[in-house]
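Remarks on the structure that follows.
There are 2 protein chains.
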Amino acid sequence: MHTTEQLQQILDTAIQNLKFPDHPKQLYDPISYIINLGGKRVRPLLVLMATELFGADANESVHAAMAIEIFHNFTLVHDDIMDNAPLRRGQATVHEKWSTNVAILSGDVMMVEANKNLAKVNPVFLKDVLDTFNATAQGVCEGQQLDMEFEGRDDVSIEEYINMIRLKTAVLLGGALKLGAIIAGASAKDADLIEQFGENIGIAFQLQDDILDVYADPEKFGKQVGGDIIANKKTFLLLKALAKTDSLELQGWIANSNPNIQEKVQAVTAIYNELQIREEAEKEMMKYAAVAFQNLKDIEVPLANKHDLHELAEQLLKRNN
Amino acid sequence: MHTTEQLQQILDTAIQNLKFPDHPKQLYDPISYIINLGGKRVRPLLVLMATELFGADANESVHAAMAIEIFHNFTLVHDDIMDNAPLRRGQATVHEKWSTNVAILSGDVMMVEANKNLAKVNPVFLKDVLDTFNATAQGVCEGQQLDMEFEGRDDVSIEEYINMIRLKTAVLLGGALKLGAIIAGASAKDADLIEQFGENIGIAFQLQDDILDVYADPEKFGKQVGGDIIANKKTFLLLKALAKTDSLELQGWIANSNPNIQEKVQAVTAIYNELQIREEAEKEMMKYAAVAFQNLKDIEVPLANKHDLHELAEQLLKRNN
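Residue numbers (the UniProt record's numbering), protein chains in the order written: chain P, 1 to 321; chain C, 1 to 321.
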C-alpha cells in the first residue's frame, strides 16, 4: 500500500501529464487553467485510496481518478457561470477571464475529456465504471439544479436540503470511492458500502461547511465569516432556525434588502446561538459521520487497510477552514 | 435487412421509449422538449444503416443511435445559447423558453444521458464505441469553437473553412456510421471507410447548404433565402468570392452595418453569379461527394447491402430545402 503522501505524488504527476490539444487555443487553454488553480484533489485521491483499500495498486485507477478530477472541474466551470461567480480559488473564473461562451464550450469538452480518461480503465471493469460514473454525474447535475431552485423557494425542508447536498456534493465523493473499489475488483456489497461511506462523509462535510461559515475563526477561515448569512443562503443552520422559531427578527433580516452587513451577521449569529443551532448542526453532522464510519467498519478487508481512509475522513471533518 | 422506412419506425419507437426522471422538472423537461421538436433523425438512422450494411440487425445498435441523437440535441441546446438563437425548428429555443442556466444544465445532463445510452451497447464493443464517440464529440466541440472564432476573423481560408465544417457537421455523420459498423463487428478498415464516407458526405452536405442559402427556390426553402449573405456569414461562397476578387462593391456590402437587406442579397448574389461562385461551390461539393461514393464502393460487403445508404446520401445531396 502507498502512503497518502505517495498517492498525492502519483496524482500530481498524473495531472502534470494530462495533455490537451493545442488548438483551438480558446477551447483548451481554460482546461489547463482551471485544473491548475489547484485545490486539495480530494476526489481523485479517494479513487486511489479505495483501490488500495481493496488490495490493488493505485496506478490501476489513475485514469479513473483523472476522469473524476476533470469532471469535477467541469462542474466548477459551469456552476460558476450559473452562479455568476467572479472568483474561484482566488482567481478569475473561466467565464470572467474568457467569456461565457468559452466557459460553456470548454466545460463541454472537459466532460468529453473526462470520458476519454474513463475509457482507459481495464476493459473488464469498463461497463461497471461507466454506470457508476454516469449515475454520479447525473446526481451532481440534479444537485446543482435543486440548489438553484431552492434560491427562489421559501418552503425548503431540512430533508430536501440534505438531499440536495447529498446530490450536489456527496455523491461525487461516494462515486469516486466506488470507482476505485470496482477497479480493485471489490465485491458489489463492499463497493456499495464504500460508496455509502463517501456519501455520508460528504453530507457531514457539507454540514461542517455550513457551521464553519458562521463559526470559523476569522483568522484561519479563507473567506468572509457569515457569507451564507449575508446571502440568505438556505443552509442547514438557517432552515433549522426557521423551523424552530417564527422570530420576526430573523425574518426581518432575511427580508431586508440593504442591511448593514456586520450587524446582520452578528444578529443572525446571536439568534442561532440562542436557538442552539450550532449544536443541532453538529449533532446532525455527527449522525452522518457515525453512519459513515460504520459503513467503513462493515467493509470486509483487513483493518490496517482502512487506516488511511479513516484518517482522511477524520481530517476532512475536523478542518477549520 | 430492414428497409429505411422500417429503420425509421424502429427509431421513432426508441425515441418514444426514452425515459427521463420526472424530477427535477426544470432539468429534464427541456430534454423531452428539444428531442420532440423533431428533425429528420438522419444521424441515428445512419447508426442503424451502418449496422445493417455489415450484416447485423439494427436493433443491436439502437442504444448507440439514441446516444447519437441525444448528443446531437445537446449540442443544439448549447449552440443555441452561444449563437443567441431565439428559434429552433420554428419553436422557442431552450434558453428562451426556460433560461440560460436551465439550458446549460439540461444540456450537461443530456450529455450524461447520451453516455448512459452508450454504456448499454454490447460490452464486447464498448471500448471501441466509447473511443469513437468521444473522438466525435470532441471534434464537434472543436468545430463549434472554430465557427465562433471565424466570426471575428477576416482572414479565414477556404481550407480552414472546410476543416471547420468537417468538425462541426461532418464528423458526427462519420462517427454515427462508424459506431453502427463497430457494433456490427465490421473490420477496422471497413469501419474507417464508412466513417470517411460519412465525413465526405457531411462536407458535401454543408456545401450544398451554403449553396441553397443563396440559390434555393424561395417557395420551397424553409427559411429566408440569403440569410447567410445578410449575416455576412463566412460560407464557402463568400470566402471563394473574396479570394477571387478584390471588388470594393463586395467589401462595401460586408462593411455596411445598416444595408437595405433586399438590395444587399440581390447585389451580392449578382457578384457571386458574375464570379461563377455557384459553379465553384458545386464543383467542390461534387469533389467530396465523389470521394464519399468511392469510400462506400471500397467497403467489402455485397453491393446490395449498400443500396439504401447510397440512396440516402443521394437524397441528402439533392434536397432543395
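Beta carbons: idealized from backbone N, C-alpha and C, even for Gly.
For residue 295/P, the CB contacts under 6 Å within the same chain, skipping 5 residues up- and downstream, are 193, 196 and 197 in chain order. Excluding residues up to 5 positions away in sequence, 27 lie with their Cβ nearer than 7 Å to the Cβ of residue 105/P in the same chain. Relative to residue 149/P, the option among 45/P, 304/P, 71/P and 82/P whose CA is nearest is 82/P.
Excluding the 5 residues flanking it on each side, residue 65/C has same chain C-beta neighbours closer than 6 Å at 44, 47 and 48, in chain order. Among the residues of chain P, none has a CB under 7 Å from the CB of residue 72/C; the nearest is roughly 13 Å distant. In the structure shown, the three-state DSSP call for residue 276/C is coil. Nearest neighbour of residue 206/P by Cα position, chosen from 176/P, 319/P, 99/P and 120/P, turns out to be 319/P. Contact between residue 299/P and residue 190/P holds, with the beta-carbon distance rounding to 5 Å and staying under 8 Å. Around the Cβ of residue 23/C, a 10 Å sphere holds fewer than 16 other Cβ atoms; the residue is exposed. Chain P places a beta carbon closer than 8 Å to that of residue 82/C, counting this residue as a contact. Between residue 178/P and chain C, the shortest Cβ-Cβ separation is not below 8 Å.
For residue 92/C, DSSP records a beta bridge to 87/C. At a Cβ-Cβ threshold of 8 Å, residue 67/P and residue 118/P count as neighbours. According to the DSSP assignment, residue 318/C belongs to the alpha helix (DSSP H) that extends over 303-318. Membership of residue 139/P in the alpha helix (DSSP H) is indicated by the continuous run 126-151.
The Cβ-Cβ distance between residue 242/C and residue 161/C does not fall below 8 Å. Within chain C, 142, 145, 146 and 149 have C-beta atoms less than 7 Å from the C-beta of residue 24/P, given in sequence order. Counting only residues of its own chain and dropping the five nearest sequence neighbours on each side, residue 63/P has a CB closer than 6 Å to the CB of 117, 120 and 121. The straight-line gap separating the alpha-carbon atoms of residue 60/C and residue 248/C is approximately 57 Å.
When CB distances to chain C are screened at a threshold of 7 Å, the residues of the region 99-132 of chain P falling below it are 101, 104, 105, 108, 109, 111, 112, 115, 116, 119, 123, 126, 127, 130 and 131, in chain order. In this structure, the CA atom of residue 269/C is about 37 Å from the CA atom of residue 98/P.
Secondary structure note for residue 117/C: its alpha helix (DSSP H) is the uninterrupted segment 100-118. For residue 215/C, the CB contacts under 7 Å within the same chain, skipping 5 residues up- and downstream, are 278 in chain order. The alpha-carbon separation between residue 168/C and residue 7/C amounts to approximately 26 Å. With respect to the C-alpha of residue 4/P, the residue from 51/P, 265/P, 135/P and 34/P having the closest C-alpha is 51/P.
Of all residues in the region 3-29 of chain P, the ones placed with a Cβ closer than 7 Å to any Cβ belonging to chain C are 24, 26 and 27, in chain order. Shown here is that no member of the region 60-71 of chain P has a Cβ falling below 7 Å from a Cβ of chain C.
Counting the other Cβ atoms within 10 Å of the Cβ of residue 78/C gives 16 or more, which makes it buried. Counting the other CB atoms within 10 Å of its CB gives residue 286/C a total below 16, which places it among the exposed residues. Exposure of residue 124/P is indicated by the presence of fewer than 16 other C-beta atoms within 10 angstroms of its C-beta. For the pair residue 310/C and residue 172/C, the CB atoms are not nearer than the 8 Å cut-off. Between residue 170/C and residue 199/C, the C-beta gap is smaller than 8 Å, which places the two residues in contact. For residue 300/P, the secondary structure class from DSSP, reduced to helix, strand or coil, is coil.
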